[in-house]
Each structure stands twice: as structure tokens, then as C-alpha cells.
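Encoded as C-alpha cells, the structure appears first; notes follow it.
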Amino acid sequence: MTLTRDRRAELLAAAPLLAEVDAPGLGRIADRTVEVVFTDGHVIARQGEIGTGFFMIAAGSARVVRDGQTIATLGPGDFFGELSVLDGRPRVAGVIAEGETTCLALASWDLEAVITEQPSVALGLLRGLAERLRALTEAGRH
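Going by the working numbering, the first residue of the sequence shown is number 1269, and it counts up by one from there.
Below, the structure is given as C-alpha cells:
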């Protein structure tokens, strides 16, 4: 599966984290993503390691594992690795491919370059992160 730039931008636009990034910003991010295919059982991200990549699943699925326990299953359109890429700290969970899984990958230095080139991308990311934080905060209220 080789994804065109337009298809990569379309997939990225569907991610809640990037929902507030404008079309030119999504295009710049899409230009810097690479398509990576992982085989069944491949550890895409390892808990406790510093991450250098943000991933979005284009096809297939993956398990999110924290302290040996599966806590979520991800599929097309889902993303992971954003926290470690943004703050440079160790990953809080591992991610393992279930079957052949194709991801769009964006290196932390490429994301930083896009943000430097287009500050509106940073604003869009901040809004996406704020929305996620708000949803988590509100979910905690009964």
C-alpha cells in the first residue's frame, strides 16, 4: 500500500489531535511522514523508552500494552506516540502490531521542523491537546 500525499493528509486530518491544523499545515506534515509496514507481533513502541516517532495507523491494528496488560486496541485512524514526541519523556505504554499493520510515521525532528516553518501547526496541536485534556477532565466528573 503506497499512500499518496493527499491520502496521507486526509488520514492525518481525521485524527482528533490534528483536527485544528489547517490544510497547509496538514500538507506539510503529510510531506514529512513515511509509510511503515509492521509484521504481526512487532513492537512498534516500547514502554519506558524515549520515543522519536508519532504514528497513525493507516491499515491493520495494534494493541496498547501498559505494564504487561492490554489496555486498548487501535485501528485505522488511531494514533499513538504523540506524548513522547512532544515532551521527550519515556513512553507510557507499548504498542504491538496485530497482524500486518501499516502506519504513517512522523519523526520528532520533522514535527519540530513543521512547527518552526508553520506556527499555525503548533496552535492547531495545542487546541487538539486541550480538547483531549478537557475530555479526560470532564469524563472524570460524575
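Even glycine gets a Cβ: it sits at the ideal position worked out from N, Cα and C.
As the structure is a computational prediction, the values presented were derived from the model and not from experiment.
Cβ-Cβ distance between residue i and residue j below 8 Å
i	j	result
Gly1343	Ser1329	yes
Val1360	Arg1334	yes
Ala1365	Ile1312	yes
Phe1323	Gly1295	no
Ala1326	Thr1270	no
Gly1345	Ala1281	no
Leu1394	Thr1301	no
Ala1403	Gly1321	no
Gly1392	Gly1319	no
Separation of residue j from residue i, as counted between CA atoms
i	j	result
His1410	Ala1398	Confidence is the limiting factor: at His1410 the pLDDT is only 45, short of 50, which leaves the residue's position unreliable, though a coordinate-based value still follows. Each residue's Cα considered, the two are about 20 Å apart.
Gln1315	Gly1362	4 Å
Gln1386	Arg1276	18 Å
Glu1303	Gly1408	36 Å
Glu1278	Gly1336	34 Å
Ala1381	Val1389	11 Å
Arg1273	Ala1291	12 Å
Glu1383	Trp1377	Per the sequence shown, the amino acid found at residue 1383 is Ile instead of Glu. Using only the alpha carbons, I get a separation of about 10 Å.
Asp1355	Thr1405	20 Å
Phe1347	Ile1339	15 Å
Arg1331	Arg1357	21 Å
Asp1299	Leu1379	11 Å
Gly1251	Gly1396	What is shown of the chain runs 1269 to 1410, which leaves residue 1251 out entirely.
Glu1317	Thr1341	20 Å
>> Would the stretch 1307-1319 count as touching the stretch 1273-1290 if we require 3 or more Cβ pairs under 8 Å?
In response: The stretch 1307-1319, when compared against the stretch 1273-1290, does not touch it at the 8 Å Cβ threshold.
> What are the start and end residues of each continuous beta strand (DSSP E) run of 3 or more residues lying completely inside the stretch 1291-1315, in chain order?
Replying inline: 1302-1306, 1311-1313
>> Extract the residue ranges of the beta strand (DSSP E) inside the stretch 1334-1409, only unbroken runs of 3 or more that lie entirely within it.
In response: 1337-1342, 1362-1375
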